[in-house]
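These notes are about the structure you will find just below.
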Amino acid sequence: MTTRNPAPGKLLILIPAFNEEGAVGDVIGEVHAVMPGVPVLVVDDSSADGTVTRAREAGARVLELPHHLGLGGAVQAGYRLAFELGFEYVIRIDGDGQHDPRYIPGILETLQKTGCEMVIGSRFVAGNGVHFGPMRALGIFFFRSVLRPILGKPVHDPTSGFVGVNRTALGVFSRSFPLEYPEIEALVVLQRRRFRFVEVPCRMRPRRSGRSSITAVKSLYYIVHVLLGVFVNVLKIERRRK
Numbered sequence: 001m002t003t004r005n006p007a008p009g010k011l012l013i014l015i016p017a018f019n020e021e022g023a024v025g026d027v028i029g030e031v032h033a034v035m036p037g038v039p040v041l042v043v044d045d046s047s048a049d050g051t052v053t054r055a056r057e058a059g060a061r062v063l064e065l066p067h068h069l070g071l072g073g074a075v076q077a078g079y080r081l082a083f084e085l086g087f088e089y090v091i092r093i094d095g096d097g098q099h100d101p102r103y104i105p106g107i108l109e110t111l112q113k114t115g116c117e118m119v120i121g122s123r124f125v126a127g128n129g130v131h132f133g134p135m136r137a138l139g140i141f142f143f144r145s146v147l148r149p150i151l152g153k154p155v156h157d158p159t160s161g162f163v164g165v166n167r168t169a170l171g172v173f174s175r176s177f178p179l180e181y182p183e184i185e186a187l188v189v190l191q192r193r194r195f196r197f198v199e200v201p202c203r204m205r206p207r208r209s210g211r212s213s214i215t216a217v218k219s220l221y222y223i224v225h226v227l228l229g230v231f232v233n234v235l236k237i238e239r240r241r242k
């Protein structure tokens with residue numbers, strides 16, 4: 001998984017973070033080791049711990065949000081800043097250590113070679129992924145089934161946050177991006193624009209600190225909320241076709 005580093009100013013690594021002081025410093029260090037010279041932006045979603053301090057100590061630039069916006073809001077803030085600063089590619093990884101930065105070069109290379117607007121680091125595209133609990137497995141299977149007819153092609157890991165986008169998608173997402181649980185809705189937004197995505201295999205690691213925001217109690221809300229977002233975007237697709 002090696003590729004030549006992009007020209008300065010072409011690639012930004014985006015790390016949305018909320019109360020990730022236990023892992024974010026190590027994640028940034030790993031990114032720097034894999035992609036030396038590539039800037040790292042941590043969007044701190046109004047953390048109550050030492051996330052900002054750890055990120056700066058590790059050498060990242062930090063965008064501090066004045067209020068807690070949630071994952072989608074933090075990601076969009078990062079996309080908007082990256083677009084305004086003229087970056088050509090943005091690769092997003094989580095601040096909890098689940099995404100292995102060694103896969104970043106492969107995602108970048110796929111973005112450059114295919115011209116696709118989005119590249120997803122997928123646990124399951126090669127058929128050897130491990131689900132993290134029965135509820136998560138059920139949710140992934142459910143959304144695969146829902147998205148298949150909408151996208152016109154299968155998506156193996158629709159909830160993956162290990163995502164790279166090019167400047168075309170960056171321009172769209174900097175203006176409009178799903179605010180809660182954005183990964184699935186973002187795929188439908190791509191379909192509305194007739195953009196392309198591709199999945200590349202990668203392995204995820206256990207989170208190093210904190211807890212997932214998707215608890216058993218929130219699972220039903222998650223499914224209903226995302227389905228409503230998908231439904232709204234599908235209506236927009238149908239209107240455009242007419």
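Note that the sequence shown covers residues 1 to 242 in my numbering. Glycine included, every Cβ here is placed at the ideal spot set by N, Cα and C.
Mind checking V217: buried by the 16 CB within 10 Å criterion, or exposed?
Residue placement at V217 cannot be trusted, given a pLDDT of 47 that sits under 50; the coordinates are not used to answer.
M118 and A169 closer than 7 angstroms at C-beta
Yes, they are a contact pair.
Any idea what DSSP makes of R144, helix, strand or coil?
helix
Kindly indicate the opening and closing residues of the alpha helix (DSSP H) around P105.
Note, P105: alpha helix (DSSP H), I104 to T114.
Quick check on the DSSP output: the beta strand (DSSP E) that includes I120 runs from which residue to which?
M118 to S122
Three or more C-beta pairs under 8 angstroms: does that hold for the segment 97-104 against the segment 197-206?
In this structure the segment 97-104 lies against the segment 197-206, because at least three pairs of beta carbons, one per stretch, are closer than 8 angstroms.
With DSSP run on the structure shown, which of helix, strand or coil describes A169?
helix
The ligand FMN and R92: does the residue's C-beta get closer than 6 angstroms to at least one heavy atom of that ligand?
Absent from the structure shown: the ligand FMN. Ligands present: none.
Candidates L151, I150, H156 and P149, of which the one nearest F141 by Cα:
H156
Sub-7 angstroms separation of R54 and G25 beta-carbons
yes
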